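Chains as they are written, first to last, in the working numbering: chain S, 57 to 411; chain G, 57 to 411; chain R, 57 to 411; chain V, 57 to 411.
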């Protein structure tokens with residue numbers, strides 16, 4: 057490991073770094089005359105898990121940055137030789153060559169309508185149904201989702217189609233109830249740094265779909281995933297959904313460079329959400345394709361038969377036909393990238409989908 | 057009220073807007089040939105609180121934006137003639153001409169050390185003691201704060217100095233326990249959009265110090281405050297603490313324009329946190345002054361006698377002497393701005409502080 | 057046309073808007089009680105070109121924004137029914153279904169080396185050779201390019217391969233000399249708003265490759281293009297090359313949403329520069345693919361046989377093999393998007409390239 | 057000097073760094089086992105000016121960053137013991153304790169009007185008159201300024217009031233003509249990276265007011281100043297005028313942290329432009345104060361008696377009375393910061409201004 061210290065650290069601060077280093081089983085030595093570069097040579101054992109070492113040094117006020125930590129990898133890191141993680145949820149699979157489509161309404165509203173949507177996206181090739189029971193809204197006066205009652209509608213839609221369910225959870229006290237129904241728990245963009253919620257979701261044992269925060273760096277995103285992994289849950293799918301930008305031609309800026317970078321840095325699967333990035337239906341298809349071309353292992357989109365009735369984010373939902381077109385397009389791209397698109401289990405005519 | 061509709065809305069979507077309008081007691085009429093501008097004339101009464109009207113329209117997929125809503129103000133809005141809200145916590149007071157200083161360590165570590173800090177900042181003129189019991193950390197392997205045991209140390213420091221206590225709460229399940237000890241609850245930057253937590257804090261009845269999210273717009277910030285107000289708690293202090301920028305000369309960009317804008321738009325008090333904005337001790341003083349010159353009703357800073365021992369954010373903590381200098385400087389500025397700096401109750405020599 | 061006025065405009069300011077409107081041949085009328093919405097009905101003729109009408113209103117201090125301007129389109133706008141512009145430079149063609157690859161070194165250094173690179177990228181399927189004679193550098197002490205002497209090297213490389221030449225011009229006084237040699241003039245990211253330079257380049261008659269500024273909005277980007285079009289030059293290719301972001305996993309954030317949006321809004325062709333966006337060679341391929349999947353009509357990349365000798369931006373240059381792989385990959389993607397990749401004229405074995 | 061190399065540099069690349077180091081008179085040695093840290097010990101002399109050394113290393117593809125360069129300072133750096141530079145333009149002075157106010161219209165329009173404004177801002181205490189002859193506009197169809205004819209109006213206003221003139225220059229071919237009239241040349245925000253223009257302005261011998269680019273980092277800003285200094289012109293005043301942000305409550309985000317940081321890093325004076333940052337008149341005063349409290353050596357604002365007639369940026373111009381209030385407020389603040397506000401030479405009643 058290699059540390060860069062802050063230039064103006066006091067002797068006490070530097071000594072604190074050395075003490076931590078020795079406690080973690082390293083032999084520290086200063087490299088340069090300025091005394092800001094510290095090399096840590098592996099020495100004896102320590103009780104602290106290796107994945108925690110980097111953060112222990114980052115905790116020290118004298119440490120400006122950990123320059124290199126390849127000898128104490130964190131749990132999310134893709135070490136040399138390590139295979140990609142494949143996360144499986146029923147028929148769906150993400151990563152290690154598997155590619156899946158997730159679709160559904162922004163918020164669950166009417167149970168019959170939800171089944172209609174589920175059947176349509178199933179027919180077009182989605183393998184997971186998304187739908188919000190609890191909605192994170194900016195205004196306290198806005199529609200907040202139907203809450204626990206929507207969970208029953210999601211369960212019924214699964215019953216009708218065989219599609220697994222992904223739904224967002226906002227309150228750590230709801231995790232148990234949601235995990236009883238959902239096949240995968242979504243941590244929304246605004247909750248990415250909510251370690252309380254991340255920990256509860258991790259402990260539920262359900263796979264976690266983790267959305268990137270609106271202004272989260274790559275390291276912050278990976279450390280949120282690390283929080284799930286560190287709590288014993290290995291099934292994390294990362295979702296790039298656009299970052300806050302300075303223009304309004306799209307609602308957010310889909311960061312395809314992040315997708316490509318994540319594929320190098322972590323063994324976890326990565327998907328894109330072009331609906332929230334675009335904020336408008338007519339740009340969802342090109343953004344979905346861009347994400348897949350950059351290396352995404354799946355796509356998650358909003359679909360609704362009748363945007364007029366949507367309580368939230370209607371302008372970005374795709375019609376049934378538009379979703380079917382998107383599904384065909386991105387599957388073809390995924391295949392070009394050497395991936396295998398997963399198809400729904402009870403497809404009557406899988407060939408037609410793949411044409 | 058005046059709405060702008062999206063250009064491509066379907067007739068069903070537009071009809072939905074009209075239905076909502078009539079249910080809220082308005083007479084809607086379209087203004088332009090393009091059919092995108094809808095004026096809502098006040099008509100009959102409605103059961104929905106007026107503060108909720110704007111959001112009900114924003115919920116509609118056909119509505120691009122609410123152009124004007126002066127006839128249905130939200131709770132945070134500063135209507136013509138409305139006085140500023142003054143939030144009082146023990147001796148401390150923010151807003152409506154009152155100016156207060158908040159200081160303390162980033163995280164509570166040692167009870168005796170905390171009392172030492174509390175006495176020092178009290179002597180320099182702070183009227184509230186800040187200190188983290190629960191720390192929001194990026195890495196799961198980092199020091200997370202001492203949790204509930206730190207609350208006792210905070211209580212002891214209050215006992216010793218008479219200073220009120222501000223501390224952050226992260227988990228809605230902790231709100232009750234924290235509210236028993238703390239005089240004011242802090243909602244951190246990463247939790248600004250955590251409406252579950254905002255609601256619990258609001259219901260505790262304690263005043264709330266609400267920090268702006270790292271990439272939150274002014275409207276999002278005010279709607280987070282609205283969430284506390286809408287739950288019956290009128291004591292909200294807004295805190296600008298820097299937004300994410302593209303450079304690293306400071307850790308974040310202190311947005312003094314936001315401070316000035318908030319003072320125009322809302323009746324709630326506004327403070328600045330120069331420590332988190334600067335991320336380095338040598339820029340805390342100029343940023344504190346800039347915030348006050350822009351209109352802030354108070355300043356919150358990190359203070360520590362010995363940065364070497366700090367588990368988090370040591371590089372930005374001020375020494376006792378540096379804080380005393382800052383306190384004198386910003387009080388003088390606040391007076392120049394026509395504000396009255398509040399002094400701690402049991403000051404032995406208040407005059408000395410004000411020299 | 058539809059205008060939104062600022063709320064606090066003075067009567068004189070509003071009157072000025074009406075005067076301008078009438079001079080341009082419109083009948084203005086106020087739509088709402090608040091007096092902020094003005095509809096302009098087409099009336100008599102005016103001497104000012106229609107493309108200038110929108111800006112004339114934006115010039116007025118009382119005008120907050122032009123809501124709609126479909127009746128006075130600017131030159132870059134893609135009106136209903138209008139076909140895409142195809143820009144042709146020798147064998148290369150961009151837009152209206154044509155797709156081209158541009159490659160070469162960041163800066164021209166050694167004439168023999170340049171010919172070696174030109175032959176290699178030609179063999180791999182590039183149809184234009186890029187290479188900087190004048191380099192825009194951040195520090196005055198950095199290598200600034202070889203200037204006019206590099207132009208001869210570029211001409212020799214064209215002689216040897218038949219590839220057209222694209223090179224950046226920085227000084228309006230150099231335009232004439234550069235245009236004598238170059239087949240296409242590049243306006244770099246830092247010069248996007250340099251209207252003096254845009255005007256000179258436009259007047260040279262050479263096609264212009266216009267790079268988006270580091271923090272330019274879509275509207276600003278299109279108005280820079282408008283500046284070339286308004287000076288009588290219709291051959292503008294827009295280049296998305298990444299915007300400034302808050303993270304450093306890539307040097308800039310390739311904004312694929314902008315690519316997709318531009319394809320809707322303008323008839324001009326759009327290309328992507330994944331080299332400057334990534335800032336590191338290992339992410340150039342996925343970003344190139346993402347750009348093409350989002351709708352780009354071409355890709356421009358940096359190629360160098362021996363990054364060790366590169367004076368600028370070496371870390372992002374592709375090797376010859378890596379470029380050949382990229383060329384195959386993006387051509388296949390372009391075909392999937394229904395475009396026709398243009399191949400270099402004197403290709404010995406075009407089929408091999410397309411396999 | 058201390059360099060960090062890129063991890064994957066080739067031996068040739070690393071050797072190139074060593075060759076450059078020796079040519080510049082250093083003895084290089086690798087510090088760590090990873091071979092990424094290179095210390096350069098001062099050795100023999102070199103013909104290259106020391107200020108250029110840092111950039112020579114940054115030019116090398118193997119160099120990721122120069123960690124420390126205190127032994128080869130660039131011209132803008134504030135070395136230990138070095139005094140601040142004071143830039144003087146007629147009666148005006150910036151830096152080293154001197155504080156000046158600059159005011160005037162956005163664009164010069166009518167000569168008589170300009171004199172009226174000049175007299176008013178002179179009476180209120182401005183010591184330089186700003187006014188655009190050439191306007192950098194986003195749209196080619198917008199009002200571009202009156203060009204050279206406006207220079208005569210500026211000269212007449214100087215004649216009438218004794219105020220020095222600051223005006224922007226956009227085209228390197230205009231520098232000579234503008235420098236004949238103007239006392240100080242302004243490099244606008246869009247031109248900050250225009251090294252062609254920077255070089256011409258430097259060579260004119262006139263003091264330069266350099267505005268920060270909309271998304272320029274601190275280092276980029278200082279290197280633009282370095283470009284003027286390296287061309288033999290020591291009179292540069294840096295101007296923070298707001299950076300591009302994600303919200304629209306202000307047009308740009310006034311970066312007071314940059315002001316404070318610049319005051320630590322460079323000996324050059326720093327001023328703020330609150331008019332362009334705010335984009336609205338009602339926030340100009342608090343932003344001006346914030347800039348001064350953060351350490352600015354001056355303020356530059358737009359003033360106009362009748363915003364209705366303004367061709368550009370009218371909404372942000374201050375009235376005469378508002379400017380007089382601002383002048384009083386910021387002078388008081390500057391004095392509190394230990395600075396001496398410079399007053400115009402022919403003030404009839406200087407005491408009244410200072411009350």
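Glycine included, each C-beta is placed from N, C-alpha and C at the ideal position.
As the structure is a prediction and not an experimental result, all values here were calculated from the model.
With a threshold of 16 other CB atoms inside 10 Å of the CB of residue 187 of chain S, please say whether the residue is buried or exposed. For the purposes of this step, residue 187 of chain S is taken as residue 131 along the first chain, with counting starting at 1. Buried, because 16 or more other Cβ atoms sit within 10 Å of the Cβ of residue 187 of chain S.
Terminal residues of the continuous alpha helix (DSSP H) containing residue 171 of chain V? Residue numbering aside, residue 171 of chain V sits at position 115 when the fourth chain is read from its first letter. Taken as a continuous stretch (DSSP letters only), the alpha helix (DSSP H) holding residue 171 of chain V covers 167-180.
Between residue 307 of chain R and chain G, is any beta-carbon pair separated by less than 7 angstroms? As a position in the third chain, residue 307 of chain R is number 251, starting the count at 1. For residue 307 of chain R, the answer is no, since every Cβ of chain G falls outside 7 angstroms of its Cβ.
Can you list, in chain order, the stretches of the alpha helix (DSSP H) that have 4 or more residues and sit fully within the region 236-321 of chain S? 251-260, 274-286, 312-321
Rounded to the nearest angstrom, what separates residue 387 of chain V and residue 258 of chain R at their Cα positions? For the purposes of this step, residue 387 of chain V is taken as the residue at position 331 of the fourth chain. For the purposes of this step, residue 258 of chain R is taken as the residue at position 202 of the third chain. Each residue's alpha carbon lies about 47 angstroms from the other.
In the DSSP assignment, find the unbroken alpha helix (DSSP H) run with residue 69 of chain G in it and report its ends. As a working note, residue 69 of chain G is residue 13 in the second chain. Residue 69 of chain G -> alpha helix (DSSP H) spans 67-79.
Using only the alpha-carbon positions, how far apart do residue 280 of chain G and residue 318 of chain G sit? Your numbering for residue 280 of chain G matches position 224 in the second chain. Your numbering for residue 318 of chain G matches position 262 in the second chain. Taking the straight line joining both Cα atoms gives about 13 angstroms.
Cβ-Cβ distance between residue 274 of chain G and residue 314 of chain G below 7 angstroms: Your numbering for residue 274 of chain G matches position 218 in the second chain. Your numbering for residue 314 of chain G matches position 258 in the second chain. Yes, they are a contact pair.
What residues in the region 219-236 of chain G have a beta carbon less than 8 angstroms from any beta carbon of chain S? 226, 227, 228, 229
With 8 angstroms as the C-beta to C-beta threshold (strictly closer), list the residues of the region 334-367 of chain S near chain R in chain order. 334, 338, 339, 342, 343, 345, 346, 347, 348, 349, 350, 351
Given residue 271 of chain R, which residues of its chain have a CB within under 7 angstroms of its CB, disregarding the five upstream and five downstream residues? Looking up residue 271 of chain R in the third chain gives position 215. Excluding positions up to five away in sequence, the list reads 299, 300.
Hey, is residue 317 of chain G's beta-carbon within less than 7 angstroms of any beta-carbon in chain S? Against the second chain, residue 317 of chain G aligns to sequence position 261. By this cut-off, residue 317 of chain G is not an interface position.
Could you please give the first and the last residue of the uninterrupted alpha helix (DSSP H) stretch that includes residue 140 of chain G? Indexing the second chain from 1 puts residue 140 of chain G at position 84. Segment: none, residue 140 of chain G is in no alpha helix (DSSP H) and carries neither H nor E.
Within the same chain, show all residues whose beta-carbon is closer than 6 angstroms to that of residue 95 of chain R, passing over the 5 residues directly before and after it, in chain order. The residue given as residue 95 of chain R occupies position 39 in the third chain. Closer than 6 angstroms at Cβ, skipping near neighbours: 58, 85, 87.
Stretch pair the region 131-141 of chain R + the region 335-344 of chain R: three plus CB contacts closer than 8 angstroms: no
Of the listed residues R:144, R:145, R:218, R:197, nearest to residue 176 of chain R (C-alpha basis): In the third chain, residue 176 of chain R corresponds to position 120, counting from 1. The shortest Cα separation from residue 176 of chain R among R:144, R:145, R:218, R:197 belongs to R:218.
Beta-carbon gap between residue 209 of chain V and residue 170 of chain V smaller than 7 angstroms: If you number the fourth chain from 1, residue 209 of chain V lands on position 153. If you number the fourth chain from 1, residue 170 of chain V lands on position 114. Yes, these two residues count as a Cβ contact at 7 angstroms.
Counting Cβ pairs closer than 8 angstroms, one from the region 277-293 of chain R and one from the region 225-237 of chain R, do we hit at least three? no
Could you give the residue range of the alpha helix (DSSP H) that holds residue 339 of chain S? As a working note, residue 339 of chain S is residue 283 in the first chain. Premise fails: residue 339 of chain S is in no alpha helix (DSSP H) and is neither H nor E.
Inter-residue spacing [alpha-carbon to alpha-carbon] between residue 133 of chain S and residue 395 of chain S: As a position in the first chain, residue 133 of chain S is number 77, starting the count at 1. As a position in the first chain, residue 395 of chain S is number 339, starting the count at 1. Their backbone Cα atoms lie some 22 angstroms apart in a straight line.
Would you verify that the beta carbon of residue 12 of chain G is, or is not, closer than 7 angstroms to some beta carbon of chain V? Residue 12 of chain G lies beyond the residue range present for chain G, which begins at 57 and ends at 411; the question has no answer from this structure.
Among V:220, V:224, V:185, V:182, which has the Cα closest to the Cα of residue 200 of chain V? To locate residue 200 of chain V, count along the fourth chain from 1; it is residue 144. Selected option, being the one with the closest Cα: V:224.
Can you give, in chain order, each stretch of the beta strand (DSSP E) that sits fully within the region 185-227 of chain G and has at least 3 residues? 220-224
Please report the straight-line C-alpha distance between residue 178 of chain R and residue 65 of chain S, rounded to a whole angstrom. Locating residue 178 of chain R in the third chain gives position 122, counting from the first residue. Locating residue 65 of chain S in the first chain gives position 9, counting from the first residue. Between residue 178 of chain R and residue 65 of chain S, the C-alpha separation is close to 55 angstroms.
Exposed unless 16 or more other CB atoms sit within 10 angstroms - verdict on residue 408 of chain G: Along the second chain, read from residue 1 onward, the residue named residue 408 of chain G stands at position 352. Confidence in residue 408 of chain G is poor, its pLDDT being 45 and thus under 50, which makes the residue's placement unreliable; the coordinate value appears in the next sentence. It is exposed - the Cβ of residue 408 of chain G has fewer than 16 other Cβ atoms within 10 Å.
Does any residue of chain V bring its CB to less than 7 angstroms from the CB of residue 214 of chain R? Indexing the third chain from 1 puts residue 214 of chain R at position 158. False, the Cβ-Cβ gap to chain V never drops below 7 angstroms.
For residue 308 of chain V, count neighbouring C-beta atoms within 10 Å of its own C-beta (all shown protein chains included) and say buried if the count is 16 or more, exposed if not. The sequence position of residue 308 of chain V within the fourth chain is 252, counting from 1. Burial call: buried.
Simplified DSSP assignment, three categories, for residue 96 of chain S: As a working mapping, residue 96 of chain S is identified with position 40 in the first chain. Looking at residue 96 of chain S - three-state DSSP - the assignment turns out to be strand.
What separation, rounded to the nearest whole angstrom, lies between the Cα atoms of residue 123 of chain G and residue 303 of chain V? Locating residue 123 of chain G in the second chain gives position 67, where the first residue counts as 1. Locating residue 303 of chain V in the fourth chain gives position 247, where the first residue counts as 1. Distance between the alpha carbons of residue 123 of chain G and residue 303 of chain V is about 16 angstroms.
Got a sec: is the Cβ-Cβ distance from residue 270 of chain R to anything in chain V below 7 angstroms? Stepping through the third chain from its first residue, residue 270 of chain R is reached at position 214. At least one chain V Cβ lies under 7 angstroms of residue 270 of chain R.
When you compare the CB positions of residue 180 of chain G and residue 379 of chain G, do they come within less than 7 angstroms of one another, or not? As a first step, residue 180 of chain G is located in the second chain; it is residue number 124 there, counting from the start. As a first step, residue 379 of chain G is located in the second chain; it is residue number 323 there, counting from the start. Going by C-beta atoms, residue 180 of chain G is nearer than 7 angstroms to residue 379 of chain G.
Taking only the alpha-carbon atoms, compute the straight-line gap between residue 252 of chain G and residue 288 of chain G and give it to the nearest angstrom. As a working note, residue 252 of chain G is residue 196 in the second chain. As a working note, residue 288 of chain G is residue 232 in the second chain. For residue 252 of chain G and residue 288 of chain G, the distance between alpha carbons rounds to 15 angstroms.
Along the region 73-90 of chain R, where does the CB come closer than 8 angstroms to a CB of chain G? Name the residues. 87, 88, 89, 90
Does the separation of the CB atoms of residue 149 of chain R and residue 196 of chain V fall below 7 angstroms? Translated into the one-based positions of the third chain, residue 149 of chain R becomes position 93. Translated into the one-based positions of the fourth chain, residue 196 of chain V becomes position 140. No, the Cβ-Cβ distance between residue 149 of chain R and residue 196 of chain V is not below 7 angstroms.
Could you check whether the Cβ of residue 141 of chain G sits closer than 7 angstroms to any Cβ belonging to chain V? Along the second chain, one-based indexing puts residue 141 of chain G at 85. No, no contact with chain V.
Name the chain R residues that come within less than 8 angstroms of residue 160 of chain G, Cβ to Cβ? Here residue 160 of chain G is taken as the residue at index 104 of the second chain, counted from 1. Those do not exist, as residue 160 of chain G stays about 29 angstroms from chain R at its closest Cβ, beyond 8 angstroms.
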